[in-house]
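This note's numbering numbers the first residue of the sequence shown as 3 and each following residue consecutively.
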Amino acid sequence: VAHGPARPKGAPSPVEVLNGSLAAIARRLRMEHGLPVSSSIDLGQRTAKVEAFLSEEAAATRGAEQQAKILQEAHGASLKDEFASIKTDSKKVLHKTMEAVKRVSFEVAACQEKGKTRTLEAEISLRRDREEKHVQTIGLFELSLAAQIEKEKLEAALEAQRPRLATVEQISESVKHLQKQLVDLEVRGIANRKSQGLLTHTLRALEARASKAEKECRAAAMEGRFGRPSEGPKPLSAFDEVAFQPSQLVLQKQERLAEQKHEFRKALEIELENLRLNMEAASSQEVAALGAKLRAEAEAEAKALGKAKRRLSTWRDEAHTRRRWLADLPLLARARATTATVAAHAARNRAKEEEAGHLALAALLALEALQHRAASRRHAHGEAAAAAVHEDDLAPLVTKLESAEAAVARLREEFP
Numbered sequence: 003v004a005h006g007p008a009r010p011k012g013a014p015s016p017v018e019v020l021n022g023s024l025a026a027i028a029r030r031l032r033m034e035h036g037l038p039v040s041s042s043i044d045l046g047q048r049t050a051k052v053e054a055f056l057s058e059e060a061a062a063t064r065g066a067e068q069q070a071k072i073l074q075e076a077h078g079a080s081l082k083d084e085f086a087s088i089k090t091d092s093k094k095v096l097h098k099t100m101e102a103v104k105r106v107s108f109e110v111a112a113c114q115e116k117g118k119t120r121t122l123e124a125e126i127s128l129r130r131d132r133e134e135k136h137v138q139t140i141g142l143f144e145l146s147l148a149a150q151i152e153k154e155k156l157e158a159a160l161e162a163q164r165p166r167l168a169t170v171e172q173i174s175e176s177v178k179h180l181q182k183q184l185v186d187l188e189v190r191g192i193a194n195r196k197s198q199g200l201l202t203h204t205l206r207a208l209e210a211r212a213s214k215a216e217k218e219c220r221a222a223a224m225e226g227r228f229g230r231p232s233e234g235p236k237p238l239s240a241f242d243e244v245a246f247q248p249s250q251l252v253l254q255k256q257e258r259l260a261e262q263k264h265e266f267r268k269a270l271e272i273e274l275e276n277l278r279l280n281m282e283a284a285s286s287q288e289v290a291a292l293g294a295k296l297r298a299e300a301e302a303e304a305k306a307l308g309k310a311k312r313r314l315s316t317w318r319d320e321a322h323t324r325r326r327w328l329a330d331l332p333l334l335a336r337a338r339a340t341t342a343t344v345a346a347h348a349a350r351n352r353a354k355e356e357e358a359g360h361l362a363l364a365a366l367l368a369l370e371a372l373q374h375r376a377a378s379r380r381h382a383h384g385e386a387a388a389a390a391v392h393e394d395d396l397a398p399l400v401t402k403l404e405s406a407e408a409a410v411a412r413l414r415e416e417f418p
């Protein structure tokens, strides 16, 4: 019954066929035995044959209903087992697919974070490298500019009528300090090293001139030609802080130094922005490639989603048909047992008119009871069997499968 072919569209149900058949049998019995067409049947004084018939019919129907109940329980358990198996398989497919979908988000986010880290590290490295080179270049330029100022101060001091020893000593100390700074300055690159060498030579020459001027000033002071700054009135000197004015060359170099610092900052920001854009473009390509690869893996897992949905739909349709058959099974089994009992007693007592009439009345009573049961379309056991297989988890599971398909579709749009 449970695995029989589907009823053709428009064909009557088994219960409807049963109703018609019972009515036809009842009419034939009334006609053959001349019984009145009345819904009220009274057996009156029951004979032994009638009692035997009623007992046999009751026993047969009980046995048939018991067999029907066993079949109901067996097929109900089979339906539940099938549904449990399909549900388990569907949940496995759903889990694998959702894990693949989550993996896309997780690994893409991790790849994006790695790209940001690489970009930041590249920016820091570039900034550090450019800053170091800039510090070396500007350091050499500032030392060269300071050397030029000390040179001009020394020349102004030597051109004065009465050079001050203290000023010459200060210039000599400043030149030595510049030499020490030049030695401490770490430079890289051919151009910077070349500039460092030239500046070293310049400072040595300036130191030599300052040392010579200092000796001459000391000798003149000892001879009394020039006094120290503390002796006598202080003459106006060309190298005094108030009177000394840097040359136009120094002023131009100072302006150029400020321009170089500003240009460096501007060029550095432009270079960093270009680096950032290039790194982000490379990271985006990497993310897109990774996303497409993982999306393809998710799609491969998602192919089983459609199969799982079809299995659930097929099971639902088949279970609906089988449950209807199972619900009708006790009634059909009782009808089969009753009609078989009626046929058997009719064949045995066909020649005995009196017994046949009483048996016909008993048969009509049994048939009317069946018709009453058929009118309600369901026996109590049938209803229990119909409710034995629950589908409470089916709709939510189908919804989850559809949601997983939608998630994979979104991945397809995001990572084509």
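Don't be surprised by glycine CBs; every beta carbon is placed ideally from N, CA and C.
All values derive from a computational prediction rather than experimental measurement.
Taking the alpha carbon of Leu122 as the reference point, which residue from Leu96, Met281 and Ala339 has its own alpha carbon closest? Looking at Leu96, Met281 and Ala339, the one whose alpha-carbon comes closest to that of Leu122 is Met281.
May I have the straight-line CA-CA distance separating Lys155 from Glu175, to the nearest angstrom? Separation of Lys155 and Glu175 (C-alpha to C-alpha, rounded to the nearest whole angstrom) is 13 Å.
Which residue from Asn194, Leu180 and Glu157 puts its Cα closest to that of Glu216? Answer by Cα proximity: Glu157.
Under three-state DSSP, which class holds Gly141? In this structure, Gly141 counts as helix in the three-state DSSP scheme.
In three-state DSSP terms, what is Ser249? If DSSP states are grouped into helix, strand and coil, Ser249 belongs with coil.
Starting from the Cα of Cys113, find the closest Cα among Phe417, Ser285, Glu152 and Glu75 and give me that residue. For the residues Phe417, Ser285, Glu152 and Glu75, the minimum Cα distance to Cys113 belongs to Ser285.
When burial is assigned at 16 or more other CB atoms within 10 Å of the CB, is Arg325 buried or exposed? By the 16-neighbour rule on beta-carbons within 10 angstroms, Arg325 is buried.
With H, G and I counted as helix, E and B as strand and the rest as coil, what does DSSP make of Leu424? Summary: the structure shown does not reach residue 424, with the chain confined to residues 3 through 418, and so no result is reported for it.
Judging by CA-CA distance, which residue of Leu180, Ile72, Ala411 and Ala339 is the nearest neighbour of Ala2? No information on residue 2 is available, as it lies outside the stretch 3 to 418 that the chain covers here.
So, using beta-carbon positions, are Ala304 and Val410 closer together than 7 Å? Inclusion of Ala304 and Val410 in the CB contact set at 7 Å is warranted, their separation being smaller than that value.
Would you say Val177 and Ala212 are within 7 Å of each other, going by their C-beta atoms? At a Cβ-Cβ threshold of 7 Å, Val177 and Ala212 count as neighbours.
Quick check on Glu405: buried or exposed, where buried means 16 or more other Cβ atoms within 10 Å of its Cβ? Strictly speaking, residue 405 in this sequence is Ser, with Glu absent from that position. The residue in question, Ser405, is exposed, as its Cβ has fewer than 16 Cβ neighbours within 10 Å.
For the 8 Å Cβ check, are there 3 or more pairs between the segment 306-317 and the segment 57-75? Contact between the segment 306-317 and the segment 57-75 is absent, because fewer than three Cβ pairs lie under 8 Å.
Phe108 beta carbon less than 7 Å from that of Ala294: Inclusion of Ala294 and Phe108 in the CB contact set at 7 Å is not warranted, their separation being larger than that value.
Could you name the residues of the same chain whose beta carbon sits closer than 8 Å to that of Lys98, not counting the 5 residues immediately before and after it, in chain order? Counting only Cβ-Cβ distances below 8 Å, and skipping sequence neighbours, we find Glu303 and Ala306.
Between which two residues does the alpha helix (DSSP H) holding Pro398 run? For Pro398, the uninterrupted alpha helix (DSSP H) run begins and ends at Leu396 to Glu416, by DSSP.
Does DSSP put Arg325 in a helix, in a strand, or in coil? Looking at Arg325 - three-state DSSP - the assignment turns out to be helix.
To the nearest whole angstrom, what separates the beta carbons of Asn194 and Gln138, a pair I think is in contact under 8 Å? Indeed, because the Cβ distance is near 5 Å, the residues count as touching under 8 Å.
Arg220 and Leu167 look like a contact to me (Cβ under 8 Å); what is the Cβ gap, rounded to whole Å? So it is a contact: roughly 6 Å between Cβ atoms.
Whose C-beta lies closer than 8 Å to the C-beta of Glu273 among residues of the same chain, with five residues either side of it excluded? Within the same chain, Glu273 has close Cβ partners Leu128 and Arg132.
What's the C-alpha gap between Pro398 and Leu413? If you take the alpha carbons of Pro398 and Leu413, they lie about 23 Å apart.
Could you check whether Val189 and Gln198 sit closer than 7 Å to each other, using their CB atoms as the reference points? For the 7 Å CB-CB criterion, Gln198 and Val189 form a contact.
Could you tell me if Thr316 is buried or exposed, where buried requires 16 or more neighbouring beta carbons within 10 angstroms of its beta carbon? Exposed, since its Cβ has fewer than 16 Cβ neighbours within 10 Å.
Within a Cβ cutoff of 7 Å, which residues of the same chain sit near Lys402, ignoring the five residues on either side of it in sequence? Only Leu96 meet the Cβ criterion.
Would you call Thr119 buried or exposed, if buried means 16 or more other Cβ atoms sit within 10 Å of its Cβ? By the 10 Å Cβ count, Thr119 comes out exposed.
Specify the secondary structure class of Glu188 as computed by DSSP and reduced to three states. In the three-state reduction of the DSSP assignment, Glu188 falls in the coil class.
Cβ atoms of Thr341 and Glu58: under 7 Å apart, would you say? Not in contact: Glu58 and Thr341 (Cβ atoms no closer than 7 Å).
Helix, strand or coil for Arg166? Go by DSSP, reduced to three states. Here Arg166 sits in coil by DSSP.
Inter-residue Cα distance where the pair is Ala337 and Leu328: Those two C-alpha atoms are separated by around 15 Å.
In whole angstroms, what is the alpha-carbon distance linking Glu415 and Ala298? In this structure, the alpha-carbon of Glu415 lies about 12 Å from that of Ala298.
Compute the Euclidean distance between the alpha carbons of Ala79 and Gly308, then round it to the nearest angstrom. It is roughly 26 Å from the alpha-carbon of Ala79 to the alpha-carbon of Gly308.
Excluding sequence positions up to five away, which residues of its chain have a Cβ less than 8 Å from the Cβ of Leu251? Apart from the 5 residues on each side of it in sequence, Leu251 sits with its Cβ closer than 8 Å to the Cβ of Gln150 in its chain, given in chain order.
Look at the alpha carbon of Met100 and the alpha carbon of Gly117, and state the distance between them as a whole number of angstroms. Met100 and Gly117 have their C-alpha atoms roughly 26 Å apart.
By alpha-carbon positions, which one of Leu331, Gln247 and Leu142 ends up nearest to Ala159? With distances taken between CA atoms, Ala159 lies nearest to Gln247 out of Leu331, Gln247 and Leu142.
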